[in-house]
Every structure is written in C-alpha cells, then in structure tokens.
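Notes follow once the structure below has been shown.
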Amino acid sequence: MKDKARILFIGDSITEWGRNEDPEGIGIGYVRIIHDYLLTAFPSKELEIINKGIGGNRATDLQDRWEKDVLDLHPDYVSVSIGINDVWRQLDNPDMVQVYPEQFEEILAGLLEKTNAQLILMEPTIIEEDIHSEGNQKLIPYVEIVRKLAKNFDAILVPTHQDFIDYLKTGATYKLTTDGVHMNSAGNMLMAKSWLEASKSLLN
Numbered sequence: 001m002k003d004k005a006r007i008l009f010i011g012d013s014i015t016e017w018g019r020n021e022d023p024e025g026i027g028i029g030y031v032r033i034i035h036d037y038l039l040t041a042f043p044s045k046e047l048e049i050i051n052k053g054i055g056g057n058r059a060t061d062l063q064d065r066w067e068k069d070v071l072d073l074h075p076d077y078v079s080v081s082i083g084i085n086d087v088w089r090q091l092d093n094p095d096m097v098q099v100y101p102e103q104f105e106e107i108l109a110g111l112l113e114k115t116n117a118q119l120i121l122m123e124p125t126i127i128e129e130d131i132h133s134e135g136n137q138k139l140i141p142y143v144e145i146v147r148k149l150a151k152n153f154d155a156i157l158v159p160t161h162q163d164f165i166d167y168l169k170t171g172a173t174y175k176l177t178t179d180g181v182h183m184n185s186a187g188n189m190l191m192a193k194s195w196l197e198a199s200k201s202l203l204n
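As numbered in UniProt numbering, residues 1 to 204 make up the sequence shown, in order.
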C-alpha cells in the first residue's frame, strides 16, 4: 500500500450500514471493520477511508452517481459491492424495471473502464441463508459477471459470495444476517475478512 492512500467503498445498504449516523461517515458495517483494522495494523500509513454506500442501490444507481461519488474524489483504490438489489428487486418488486445480467455487466464494465484506480470487486453476498434459495440461484450470473470483470480489468476479486456459501455449507447455525440480506456483526466480520485476505497484496 502507498504511504498515502484514499480507499473508496461504494455499494448499497450493506456498504452504507450506518454511515449517515456516524460522525466519521464510515458506519458500523464491514467498512468500519476494514477501516479499524487498517488504521491499527498499519499506524504509520496515511489512510483515508471513504464510504459511499447508499441503501437500495443497483448498478443503474451507481451509474447515475459514479462521476460525483467516485471519479471526482480521485481515489487510489475503489472497492465495489453491488448486485444484491439488482436481484432482490426481481423478487420483492417484480413490477418495477429490472436490471438483468446483460445490463448489469454492460453498466459495470462501463464504470470500471473510466476509473483510473486499483479496482477491488466484491462478489454480491447472499439472499437468504439457504444455498438453494431462489435469490441465491438468481445471483449466480451476477457473481459470474463480477468474476469475469475482475479478470478483464485486472481487479482484485473479493470472493464474498463464495465465502458465505462455504460457511452455509458447513451447516453452522449461527446467523450472518438480520433478514437474509443485511449483515449482523458476524456477517460484517466475514465480509471484512474476505476483503482483507483478498487485498493483502495491497497491505505491504
């Protein structure tokens, strides 16, 4: 990691998680855990962590605010977590205009293409703590798109979805979410752990 670095996180409510009520604007979710880890593990580094998560966001919403919330801030690293609402809205609000995989990929690729920063792409996590849920099945193409774009743009891939699925496969009964989507403290810890392990090459 550079001696001075601006790390920007952008996404939906999972990223936002309390940032609007936090004087530091970091929130109490996985971004907070990453923030606190980096500042305590690397006290000599000058780090600026920016949280630009907004609840309910889909890929189309990131497209609308990318210029202002990402490019204009000139980050060194951009961590993107998106895709849950693109699928969830198909389940809980099927009458609205949907963002299907082809459009999701087109939008995300366009945003990444114009971004001059080290990209960190997080797989969308889960929809219900059941591997076979309809939401998790519908998530699969979105996860595959994120993996593909990480290769195409030489981005760091954070295997968040895979890590959650692996946890569920163990049969562990401790919940990771409050409602099948939004993280409790354990879910936020798993997301942060996944991010930190994937991004360890940046932490030297």
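All C-beta atoms, glycine included, are put in the ideal place defined by N, C-alpha and C.
For valine 78, the enclosing beta strand (DSSP E) starts and ends at 77-81. CA-CA distance, glutamate 128 to aspartate 69, rounds to 30 Å. DSSP places glutamine 118 in the uninterrupted beta strand (DSSP E) bounded by 118-122.
Isoleucine 120 places its beta carbon less than 8 Å from that of valine 158. Between the C-alpha atoms of glutamate 16 and leucine 73 there is a straight-line separation of about 17 Å. In this structure asparagine 85 touches asparagine 57 by the C-beta definition: roughly 6 Å separates them, less than 8 Å. In this structure the segment 4-20 touches the segment 35-54; the number of beta carbon pairs closer than 8 Å is three or more.
The segment 144-153 makes no contact with the segment 174-192: fewer than 3 CB pairs, one atom from each, lie closer than 8 Å.
In the three-state DSSP reduction, alanine 155 falls in the coil class, being neither helix nor strand.
In the three-state DSSP reduction, lysine 169 falls in the helix class (H, G or I). Rounded to the nearest angstrom, the gap between the Cα atoms of glutamate 113 and alanine 59 is 15 Å. The C-alpha of glutamate 46 is placed about 22 Å away from the C-alpha of threonine 115. In this model, isoleucine 126 and serine 79 are separated by some 18 Å (Cα to Cα).
Less than 8 Å divides the Cβ of alanine 117 from the Cβ of proline 75. By the neighbour-count criterion, in which a residue is buried when 16 or more other Cβ atoms sit within 10 angstroms of its Cβ, glutamate 24 is exposed. Put simply, the backbone Cα of isoleucine 140 is about 40 Å away from that of serine 44.
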